[in-house]
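Reading the sequence shown from the start, the letters are residues 1105 to 1395 in this note's numbering.
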Amino acid sequence: MTSANLWNVLRQISVNVCISVGMTLVVLMAGIDLSVGSVLGFTAAVCAGLLKNGLSFESMDLFVGFSVLGAILVSILIGLALGLFNGWVITKFSIPPFVATLAMLTIARGLTMLYTEGIPISNLGTEFEFIGSGWILGIPAPVWISIFMVLIVLFLTKKTTFGRYIYAIGGNERAAFLSGININKIKLTVYGIAGMMAAVGGVLVTSRLNSAQPNAGTSYELDSIAAVVIGGTSLSGGIGTVAGTVIGAIIIGVLNNGLVLLDVSPFWQQVVKGFVILLAVIIDKMNQKNK
């Protein structure tokens, strides 16, 4: 592996790291979020659309242009809103997270196709491109951004009451409720964070490609769940670490790159990743039984 290839792998891993640390909070709470890939795709498309075309209100003869920072903030807020919607549906109507986020997966993918009309939005400018392709102190900018996101989530899980509540809910939701924890509020917040992290991943992907693809984010939810599980977080909740997820994301990234370098068919790549996820889940179940 050359140094150029190594940095390229780290850039790709940065996207999965951002999504996976958000997913870690969800899984620690014994939940699941299948919508992160589609939320990534939709927020990425909105970010690119605002940069490229701004907002125009023909009835008022008004046009609003967006700076790079403005477009990014709007896309992250949309990610937050979609994540909060997931949390609201799950807590308000007691719908299983699997079903609620599966519905959001379809909704966000449909919104992406409606917004882009199935056509990529490209040529977003060198200033925006720097976020995904630039270098800071000899390290790719996306790596710095992913490190920053990891540190935020690490702080939340290790140093705050909010983090302890997440572990408590995942360990025993009934006991957490009886001890006075506002479970619905914590769940709402966690799904909101997962949506924001997906949007950050969308910004990185769009910036690196200097283009928003209508199918961006496809299968990213599987890669993020794989990173979380391989990193040692239990799908039953209550057990796991952010650091483990980062290691899991690196393993998935290196595996993806290795399969590409070996010229393995993309179809077989999916098969191999599927078996890796299955193996990680089996190991998790065996560990739980032994306890």
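Built from N, CA and C at the ideal position, the CB exists for glycine as well.
These numbers were taken from a predicted model, which means no experiment stands behind them.
Quick one: residues in its chain with C-beta nearer than 8 Å to the C-beta of residue i, no 5 flanking neighbours on either side, listed in chain order?
i     : result
S1118 : P1244, P1246, V1247, I1249, S1250, L1308
N1276 : G1342
F1170 : L1154, L1155, G1158, L1159, V1178
I1180 : T1147, M1300, A1303, V1304, V1307
W1111 : P1244
L1359 : V1376, K1377, V1380
N1227 : K1156, N1314, S1315
Between which two residues does the beta strand (DSSP E) holding residue i run?
i     : result
V1113 : Note, V1113: premise wrong, no beta strand (DSSP E); alpha helix (DSSP H) at 1107-1132.
F1170 : First-last for F1170: undefined, no H or E at that position.
Measure the CB-CB distance between residue i and residue j and report whether it falls below 8 Å.
i     : j     : result
L1129 : I1270 : yes
V1172 : F1232 : yes
Y1074 : V1140 : No answer is possible for residue 1074: the residues shown for the chain start at 1105 and end at 1395.
T1216 : P1318 : yes
Q1392 : S1338 : yes
I1334 : I1355 : yes
M1253 : V1168 : no
G1267 : A1212 : no
T1345 : G1357 : no
A1134 : S1340 : yes
R1312 : G1236 : yes
G1376 : L1365 : Per the sequence presented here, residue 1376 reads as Val, with Gly not at that position. For V1376 and L1365, no; Cβs fall outside 8 Å.
On the DSSP bridge list, what partners appear for residue i?
i     : result
A1316 : I1225
P1244 : W1239
F1161 : L1166
Who are the Cβ neighbours of residue i in its own chain at under 7 Å, not counting the five residues just before and after it?
i     : result
T1195 : N1288, K1291, L1292
T1265 : none
M1127 : D1137, V1140, A1298, S1328, I1329, V1332
A1272 : A1280, I1285
Looking only at C-alpha atoms, which of the options sits nearest to residue i?
i     : options                    : result
F1234 : S1198, S1160, A1212, R1115 : R1115
W1192 : L1228, M1208, G1238        : M1208
V1257 : L1132, R1213, K1389        : L1132
A1320 : G1357, E1162, A1148, I1182 : A1148
G1349 : A1108, L1110, T1220, V1121 : The question names Gly, yet the displayed sequence has Thr at residue 1349. Among A1108, L1110, T1220, V1121, the Cα nearest to that of T1349 belongs to V1121.
I1136 : L1359, V1380, A1347, N1190 : N1190
A1185 : L1383, I1273, I1297        : I1297
S1242 : M1390, V1385, L1382, S1107 : Note that residue 1242 corresponds to Gly in the displayed sequence, not to Ser. Checked all of M1390, V1385, L1382, S1107; the closest Cα to G1242 is S1107.
Q1374 : S1283, L1326, K1263, G1229 : L1326
A1347 : D1367, F1259, S1142        : F1259
T1210 : V1143, V1368, W1372        : V1143
I1123 : S1369, I1182, A1384, A1353 : A1353
Taking the alpha helix (DSSP H) that residue i belongs to, which residues open and close that run?
i     : result
F1146 : 1140-1157
P1200 : Counting along the chain, P1200 falls outside any alpha helix (DSSP H), and DSSP gives it neither H nor E.
N1360 : 1346-1365
D1137 : Per DSSP, D1137 belongs to no alpha helix (DSSP H) and is neither H nor E.
T1265 : 1265-1275
L1326 : 1324-1334
So, at 6 Å on beta carbons, what are the nonlocal neighbours of residue i in its own chain, with the 5 sequence-adjacent residues on each side left out?
i     : result
N1361 : V1113
Y1219 : A1149
I1225 : A1152, G1153, K1156, A1316
I1381 : A1330
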